[in-house]
Structure formats: structure tokens, C-alpha cells
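In terms of the working numbering, the sequence shown is residues 1032 to 1309.
What follows is a set of notes on a single structure, which appears directly below.
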Amino acid sequence: MNKTLRDIALVVIGSFIFAAGVNTFIISANLGEGGVTGLAIVLYYGFHISPGITNFVLNAVLIGLGYKFLSKRSMYLTILATVLISVFLSLTQTWRVETDNILVNAIFGGTCVGIGIGVIVLAGGTTAGTTILAKIAAKYLDVSTPYALLFFDLLVVLISLTQIKLSSALVTVISLYIGTKVMEFVIEGLNTKKAMTIISSHPDEVAKVIDEKVGRGLTILNGRGYFSKQEKDVLYVVISKTQVTRAKRLIRQIDENAFLVIHDVRDVYGNGFLVDEH
1032 MNKTLRDIAL VVIGSFIFAA GVNTFIISAN LGEGGVTGLA IVLYYGFHIS
1082 PGITNFVLNA VLIGLGYKFL SKRSMYLTIL ATVLISVFLS LTQTWRVETD
1132 NILVNAIFGG TCVGIGIGVI VLAGGTTAGT TILAKIAAKY LDVSTPYALL
1182 FFDLLVVLIS LTQIKLSSAL VTVISLYIGT KVMEFVIEGL NTKKAMTIIS
1232 SHPDEVAKVI DEKVGRGLTI LNGRGYFSKQ EKDVLYVVIS KTQVTRAKRL
1282 IRQIDENAFL VIHDVRDVYG NGFLVDEH
């Protein structure tokens, strides 16, 4: 229950930051955006249709089209994110920050969009839209999801040329790049994980203390010393960065001669970590 409430809170926060950034920095500078939000902005520029309404309708269609590509939990969070983004786009529609430098808007707009999407993904959801189309393309056309997503985003930028200047479209590409990098930082930086490889003469005691006091399960691998030729159990566990110090201390209390190797981990998917939706 606590995790569910936390995830819902993250989706609310992420949706608000995303929507506020689009209205405050992107639209106020007549810039475009990728995905469904980008299409919503184009329709707003051309026909003055509320981006909140367009975003909701288009995403609803895409969710219906690609629901089977999302897990049940991710689907619920994605629907929640879609509704909230549409609501916040409407509520913040009058928010504007106009600067003399369009790059300032691109930087802050891309940053807000990246933070918003990153926080939503951390919760286990998505922003629907072209993310679903990218997953469909990845499955049936054998292309990677990130490249498919980039293709659709750039396609939307090209469509935006019907309503914005070429210079603004080029700055939009910069904004998209910034948003992507910020999103990666949020997802990986706030979800930092470390992998520990442990070789100890007391493997069972170490495994028990890691499981009970750190709260992480371990995998026991069969190993053999090259020189000693002795069979040894090798423990492997993935933990958060904040748990590393405590885990090391607990291991040292059991076996001062334990051999530890701590690795940086880029992506972690599975039980207790981010869910892989690709």
C-alpha cells in the first residue's frame, strides 16, 4: 500500500512538472515538442484547441491500441498520468515565461519535460503517446525502442514546421535532446544501484544477514579457486547505493577476510526494481 501511494504521488508530481514546463516554457516561446504533446501543441497553434483536450483524446486512442504492450500495473499508472497531464495542461494554460532568448526556454522546457517523464517512469508508468508506438515498432519491425521513439518525435517536429519557423524547430530538437538526457539522469541517478560480488568462508551467514538486515535477496553461484582448486560459493546481490556502507559493515562483522567487488549498475529490471516494459 505504501509503495502504491508513493507511486501515485510520483505520477502526480511528474505530470504537473511536465505540463507546467510545456505551457510555461515551450508554448510561450512558440517551440514544438515530441510525441503526442507535440501534436497537441501543433493543433493549439493552428486551431487554438486546448492541448489538454487533444492530449487526452490522442493518448486514449493510443492506449486502447497498445494496452497489451504494457503490464497491468503500468497500464493503470499510464492512464493516471495521461489524465493528470491533460488536466494540468488545462490548469496551467495561462502560465507563461517569456524571455529574450529562445534557448533559455528550450533548456528549461526540456528540463521540466525530462524531469516529469523521468519521475513518472520511476513510479512504473509511462506517458503513453509515441512510447506505445515505439514499443509496437520494436516488436514488429525489430528496431530498438529508443530509436523508434526518436523517429516518432522527429516526425512530430517535422509536422510542427507547418506552424513554427525552421529556427524554432531546430531549437525544439535541442529541447528534446536536453529532455532525454535529463530523463536518463532522473531514472538512473535517483534509482542508483550497486552490484556486490562476495566471496566469503561463511557464505550462509553473510547471505542471511544481507537478506534479513539489508532486505535484499542474493544469488549463490558455484565457484572454484584457481590456485587452491577449492570449491567456493560466490554471492551476488544488487542493492541501492545507500545500502552499500551498511552491507559492507555487516559482512566485515561476520568475515573480516571476505573478498568484495562492488560494481556500478546502469539498468536494473525485475522484482523490487524498475519493470522492463520493452
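We put the beta carbon where it would ideally sit given N, CA and C, even for glycine.
Small disclaimer: the values here were computed from a predicted structure and weren't measured.
| query | result |
| --- | --- |
| Cβ separation of V1237 and G1254, assumed to be a contact under 8 Å, to the nearest whole Å | Between G1254 and V1237 the Cβ distance is about 14 Å, and since that is not below 8 Å, they are no contact. |
| Within 7 Å, strictly: CB atoms of T1228 and V1292 | yes |
| Coarse secondary structure for A1051, derived from DSSP in three states | helix |
| Rounded distance between the beta-carbons of G1069 and S1191, thought under 8 Å | 6 Å |
| Candidates D1286, G1156, K1272, of which the one nearest H1294 by Cα | K1272 |
| Length of the line joining the Cα atoms of D1184 and G1063 | 10 Å |
| Own chain, CB closer than 7 Å to V1306, minus 5 neighbours either side, in chain order | Only weak support is given to the placement of V1306: the predicted model assigns it a pLDDT of 46, under 50, and the value that follows is read from those uncertain coordinates. Excluding sequence neighbours, V1306 sits near S1102, S1105, G1155, Y1300. |
| Residue range of the unbroken beta strand (DSSP E) whose run includes G1078 | The question names Gly, yet the displayed sequence has Phe at residue 1078. Looking at the DSSP string, F1078 is not in any beta strand (DSSP E); the run it does join, the alpha helix (DSSP H), is 1066-1078. |
| Minimum Cβ-Cβ distance from V1188 to chain D less than 7 Å | The chain inventory of the structure shown lacks chain D, comprising one protein chain alone. |
| DSSP three-state assignment for A1289, whether helix, strand or coil | coil |
| Any 3 or more C-beta pairs closer than 8 Å across the region 1041-1061 and the region 1121-1136 | yes |
| Nearest-angstrom beta carbon gap, G1256 and V1213 [assumed within contact, 8 Å] | 46 Å between Cβ atoms; not a contact. |
| Burial state of S1198, where buried means 16 or more other Cβ atoms lie within 10 Å | exposed |
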